[in-house]
Each structure stands twice: as C-alpha cells, then as structure tokens.
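Input: a single structure, listed below in structure tokens.
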Amino acid sequence: MIHVNFITTWNIKCGIATYSNFLVDELQNFKDLEIEVLPITQQNSKSPIPFLKMVQSTGRSEITHIQYQPGLFGFVPYIPRFINWFINYIPLMMFLLKFWKRNKVVLTVHEFVIESIMDRLTLKFLNLSDRIIVHNREMAEFMIKNGSPAEKFVLMPHGTPEGIFLDKEDAKRKLGLSNKKVLTIFGFVHKNKGHDMVIEILNSLDEDTVLLVAGEARIDEHKEYYNFLKHRTSELGLDNRVIFLDYIKDEDLPLVFNATDIALFPYKWIITSGSFHMTLSYNIPTIASDLDYFRDMKERYGCLELFETGNKEDLLEKIKDLVNNRTKQEHLKMNCKKFYKETSWKAVAEKTAEIYSDLV
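Residues in the sequence shown are numbered consecutively from 2, following my numbering.
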C-alpha cells in the first residue's frame, strides 16, 4: 500500500481545489493507493504554523504530492515587501519534507513566474521535488531555463471531466435563450481573459447572438474588472444580449454547457485552464487566442479554432465563420471526443499513480 499525502486547497471556489477533487476521486479507485488530503485552509497566513502542522502530520518515507500555485502558502512577514519581493512558506515545507520527514515529493506546478530574487530562491527549493508535473511544454521549458533539473519533469495534461449531455434546445429554453445563438466565456472573471473584447464586438454580430459570462470574480481585486464589464455592457446598449450568470453551481453546469453554441477563450495570458478542458468535454466548438497553450492543443488534437491574440477584428471574423459553418462545427466536435479520451481524469490518474509507484 502506498500512502500519499495530498496538499491542496479543498472544497472551496478555487480552480486548484476543483482540479484536486477530480484527481483524488479517480486516485481513490486504485486499491494500492491510500490518499490523505491535507487541506490548505489559511492561504493568507503570516504564520508558518498551519504549514508546519501539515508537514508534521506526514509520516516518514511517504509520498507527499503538493498542488503548487503562488499565493496558496501564506507569506513571510518582516521581509521588506517591495513591488515584486515576496516569499511564502513553501521553501520551509520543502526542506522539512525532504530532510526531516524523508518524503518523496511530487509537485504539480499550476503557475509560476520569476519576477524577483525571491522567486528564484523559491524555485531552488521547489527543485528539491523528486518529480515536477506541469501541464504544458512551455512551463517545463521556462523552469528548466531558470535552473530546474530537466530529468524531474513530467508533462501531464490537465484532466478533463466527462460531460453530461442534454437536449440543446431544451437547455436554451430553460435559460430563456430559445432561438438564440449562444456564445459563452466560462470560468472566473479576470482581466487577462478578454471578456471586454467580446463585448466590444457583439453589436457587429447578428441580433439573435448573445454572450453568457459564466463565472464571477473569484477575489476582491478582480471585482473592479467585473464591474467595468457590466458598465460597458450598459454603455453599448447590450443589457439584453450580455448575460452575467455569476457563480454556477455544479448541478447547473450541464445546462449552461449544453445551451452553448460556441465557447470563447479570448485570453491574453494562460498556463492551463480547467474551464477549457470542461468545455471540450461537452464537444463544444471553441475559439481561443493563439497563445502557446491553445496553439499546442490545436496542433495535438485539432479541437479548436484560433484567432490572433488581442485582435478584435480577427475574433469577429472567426466567430462569424464558425457560428454559421455546420461542417466545421461537426469537425471540431469529433476532435473534442479524441481530446477527452486522451485527457480524461481516469487517464491522468493512471499516469499519476505510475509516478507514485516509480518513486517507491
């Protein structure tokens, strides 16, 4: 029996928590694995105590799998916090897990940036991991370029849940969208996700085309952008065509996905996206900006259309073409099925279990 300590946010409105819930559910189907979730409950703690307790609760010579994203592991006070000078408690945790608990450490890096000497210091401690899981080649290349050992990296897709399929017209009717062409942007609202670009071009599309903003501002600092979107919608006279759904409960997600004709990801920056994976699990024709992550998905699976990042005119033309092109829509839907087969949570869990097994 392999005992795995799984450090993550848990059962909260958070992309990392959602990712972990899906993965742990699948890992628990393996009879030779025992998964113990150690939830991060005090992300903004100035004290190391919550993080020391997590380390203390692990046994010696076990596997600890950490879901890493900056901002989840508190911050050390008394260090001058200049614009980009910041350090959290992950270096302390890594040191204790490796040299006190003698754990094998698996690290899934969901996001990492280097903007200061503190970030480089953090990376040195992250490199104590026995395996580093990333979701795309660009992140691996970035970390290797900045000093991470190439042999520790494992490229693993973000998992894709199984879609729940409903009648499209019935789903639209329940949302009050009968006879509408429905464009949707899924996920938490953030200025990097380009909602404003779609709102700006909506008047250039047929009047029966509506936009669903299927998500809310996750933290207070994103609410300013969210409020700007609502204000701009009113300025352009689009109150009846831009529908803000805010947070959508899990049980209501299938209704929104099935009502959607075209999904949009006009992102300005991305590492990976759980919303994107969930969207493709519903075989929804999708248009995204031509960032490295989306370009890689198109090259590998042919499951989406791309537009030039930040180019409203190009986005407009791509929407006009796809929304009326049934042949292209069916081609994308077919490739979404291939995407799901290769990136399902079951496939991700199997690959993760192999990493655990190799380490022991």
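All residues carry an ideal CB built from backbone N, CA and C; glycine is no exception.
Counting only residues of its own chain and dropping the five nearest sequence neighbours on each side, A151 has a CB closer than 6 angstroms to the CB of I145. Assigned with DSSP and collapsed to three states, Y341 falls in helix. Residue environment analysis places V361 among the exposed positions, since fewer than 16 neighbouring C-beta atoms fall within 10 angstroms of its C-beta.
Its Cα nearest to that of F266, the residue L317 stands out among H232, D240, L317 and R219. Looking from the CA of W270, the closest CA among E236, K321 and G195 belongs to G195. Under the criterion of beta carbons closer than 8 angstroms, G216 and G188 qualify as touching, at roughly 5 angstroms. DSSP places N204 in the helix class (H, G or I) of the three-state scheme. Per DSSP, the continuous beta strand (DSSP E) segment holding E306 begins and ends at E306 to F308. In the DSSP secondary-structure assignment, K182 is bridged to T210. At the C-beta level, I8 and Q70 stay beyond 9 angstroms of one another. Fully enclosed alpha helix (DSSP H) runs of no fewer than 4 residues occupy 91–100 of the segment 84–109, in order along the chain. Annotated three-state conformation of L122 is helix, per DSSP. Excluding sequence positions up to five before and after P158, its CB lies within less than 6 angstroms of the CB of T344, all in the same chain and listed in chain order. At the C-beta level, V324 and T161 stay beyond 9 angstroms of one another. Looking at the backbone, the Cα of S179 and that of L246 are separated by about 17 angstroms.
In the three-state reduction of the DSSP assignment, T328 falls in the helix class.
Annotated as proximal: V190 and Y227, with beta-carbon spacing under 9 angstroms. Runs of the alpha helix (DSSP H) spanning 4 or more residues and lying entirely within the segment 276–319 occur at 293–302, in chain order. E152 sits in a helix when the DSSP states are folded into three classes. Considering only M2, N22 and W11, the residue with the shortest C-alpha distance to W346 is N22. Comparing alpha carbon positions, the residue from S58, I165 and T10 closest to Q44 is T10. Assignment of beta-bridge partners to F245 by DSSP yields V214.
Rounded to the nearest whole angstrom, the C-alpha separation of V106 and T280 is 32 angstroms. Shown here, H196 sits in a helix according to DSSP, grouped into three states.
Under the three-state reduction of DSSP, Y69 is assigned to strand.
Annotation: the continuous alpha helix (DSSP H) that includes P255 extends over L254 to A260. Here E170 carries a helix assignment [DSSP, helix/strand/coil].
For L230, there is no enclosing beta strand (DSSP E); the enclosing alpha helix (DSSP H) has its first and last residue at K224 to E236.
Bridge pairing for L39: I8 [DSSP]. For V56, the enclosing alpha helix (DSSP H) begins and ends at I50 to Q57.
By the C-beta density criterion, N89 is buried, having at least 16 other C-beta atoms within 10 angstroms. By the criterion of at least three beta-carbon pairs nearer than 8 angstroms, the segment 59–66 is in contact with the segment 93–112. Where V135 is concerned, the enclosing beta strand (DSSP E) starts and stops at R132 to V135.
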